[in-house]
Amino acid sequence: MDPHMHRKYEHISLAEKFYAEAKDNGFDQVQPLSQNLPELALADIQLDSRLAGRKMTRPFFLNAVTGGSPQAQKINESFARVAAKTGLAMAVGSQSITFKFEESLPSFTRVRELNPDGLLLANLGAHHPLVNAQKAVDQIQADILELHVNAAQELTMPEGDRDFFWQDNIATAVNSLLVPVIVKEVGFGMSPRSLLKLANLGVKYVDLAGKGGTSFVQIENFRRPKKELAFLDNLALTTAQSLILAQPYREKLSLTASGGIRTAQDIVKALILGADNVGISGHFLHVLLKQGEVGLEEEIHRLTEEIKLIMLLLGCQTIAELQQVPYVLTGQLKDYQAFNN
Ligand code: FNR
């Protein structure tokens, strides 16, 4: 098998292997304050939300996972069928592989065929020029493009990039494409220094993709013979840390929270900390691999219903109200909050 294809296979198997390890996304240090007099009916709770200006019926979506190999195609087809059935927005994994192997294209185009009316996100690394970004969008008639920035992942890969000049590509994509662009990390978390840079480039949508779930430093490090670069993950921010540090940018940027999101509580806490929506990759991949399409569909419905239960106890009818709920931070997160003052 070609090394590029083999790597796709390893990403899936290693993400699933490390899913079993306990990880800290930081949200246990966020305590929202309940409303004991909700003055609300459960049936009246609304989950309408937005992703890069587009409407969603739920505040969470299936974030980038895969594409390219035959195994990846099977997974993408399953995701696409579930997304079509549930109305969940879905991102594909990096489409970079289609520029190298034409035969990898159906693993992405099938997603649109199976979900003709769904909200779909294309995905590509930020080192790609505009012409490739346009192709990635066109391949799946995407509604939104995710451009990933993944310096830590590349440095951990023996065959990875060593030059990182991304700003011009990002600014050109944002200014030239007809679809909105989300700049995302891949599990390392975005720092406020990076958010300032992105805001100055004209970026409006950022996915913080923090530490606490799938870690590409961990995955790529495991693929190294000596496994000596795990320490690079020490510079990563958990999703909760990244969200706290992003508070000053809530006016300028619409934030997606992702990285280690597994439960309705995680989703609600991310929204309370100012995210407009939440992305889930590793958890949905795990549920699909273990419980199949029916299990994944049930999980999406379960999360939806549980979010409503928590919103009722917080006295919130809408996601906008949820974003105003008072909360207490404990432990380390207090230090991150102090940085903003
Ligand atoms: C990913 N992720 C990812 N992101 C991206 O922008 N392009 C990609 O090709 C991939 N590939 C990929 C493969 C697999 C198997 C997984 C599990 C994830 C990263 C993903 O979108 C997300 O940012 C991180 O995984 C963190 O979220 P979770 O997995 O902790 O929910």
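Last residue of the sequence shown: 341 (the UniProt record's numbering), numbering continuous. The C-beta atom is built at its ideal place from N, Cα and C for all residues, glycine as well. These numbers were taken from a predicted model, which means no experiment stands behind them.
With respect to the beta strand (DSSP E) encompassing residue i, which residues constitute its N-terminal and C-terminal limits?
| i | result |
| --- | --- |
| residue 50 | 49 to 51 |
| residue 226 | Counting along the chain, residue 226 falls outside any beta strand (DSSP E), and DSSP gives it neither H nor E. |
| residue 207 | 205 to 207 |
| residue 31 | 30 to 32 |
| residue 147 | 144 to 148 |
| residue 55 | 54 to 56 |
| residue 184 | 181 to 184 |
| residue 280 | 277 to 280 |
| residue 62 | 60 to 62 |
| residue 254 | 254 to 258 |
If distances are taken between C-alpha atoms only, which option among the options comes closest to residue i?
| i | options | result |
| --- | --- | --- |
| residue 166 | 179, 151, 83 | 151 |
| residue 327 | 237, 25, 244, 9 | 244 |
| residue 414 | 2, 61, 272, 226 | Residue 414 cannot be examined here, being either before or after the span of the chain that is shown, 1 to 341. |
| residue 334 | 26, 22, 7, 1 | 26 |
| residue 238 | 183, 212, 250 | 212 |
| residue 56 | 76, 86, 74 | 86 |
| residue 180 | 51, 221, 8 | 51 |
| residue 187 | 207, 255, 259 | 259 |
| residue 143 | 92, 38, 283, 285 | 92 |
| residue 267 | 126, 283, 176 | 283 |
Just reading off the alpha helix (DSSP H) that residue i is part of, what are its end residues?
| i | result |
| --- | --- |
| residue 5 | 3 to 19 |
| residue 200 | 192 to 200 |
| residue 82 | 70 to 86 |
If you draw a straight line from the C-alpha of residue i to the C-alpha of residue j, how long is it?
| i | j | result |
| --- | --- | --- |
| residue 277 | residue 204 | 14 Å |
| residue 35 | residue 309 | 12 Å |
| residue 147 | residue 317 | 33 Å |
| residue 217 | residue 60 | 25 Å |
| residue 94 | residue 33 | 39 Å |
| residue 347 | residue 330 | Because the chain here runs from 1 to 341, residue 347 falls outside it and cannot be looked at. |
| residue 18 | residue 214 | 7 Å |
| residue 264 | residue 303 | 5 Å |
| residue 73 | residue 262 | 24 Å |
| residue 249 | residue 201 | 14 Å |
| residue 24 | residue 98 | 35 Å |
| residue 45 | residue 53 | 21 Å |
| residue 48 | residue 319 | 7 Å |
| residue 306 | residue 68 | 34 Å |
| residue 336 | residue 191 | 11 Å |
| residue 275 | residue 6 | 35 Å |
If contacts are defined as beta-carbon pairs under 8 Å, then residue i and residue j qualify, I think. What distance do you get, rounded to the angstrom?
| i | j | result |
| --- | --- | --- |
| residue 241 | residue 340 | Residue 241 to residue 340, Cβ: 12 Å. No contact. |
| residue 124 | residue 104 | About 14 Å; that fails the 8 Å criterion. |
| residue 121 | residue 111 | No, residue 121 and residue 111 are not in contact; Cβ-Cβ is about 10 Å, not under 8 Å. |
### Query
Got a list of residues with beta-carbon closer than 6 Å to any non-hydrogen atom of the ligand FNR, in chain order?
Listed by chain position, these are 11, 12, 15, 63, 64, 65, 66, 93, 94, 123, 146, 148, 184, 186, 187, 209, 213, 214, 258, 259, 260, 261, 280, 281, 282, 283, 285.
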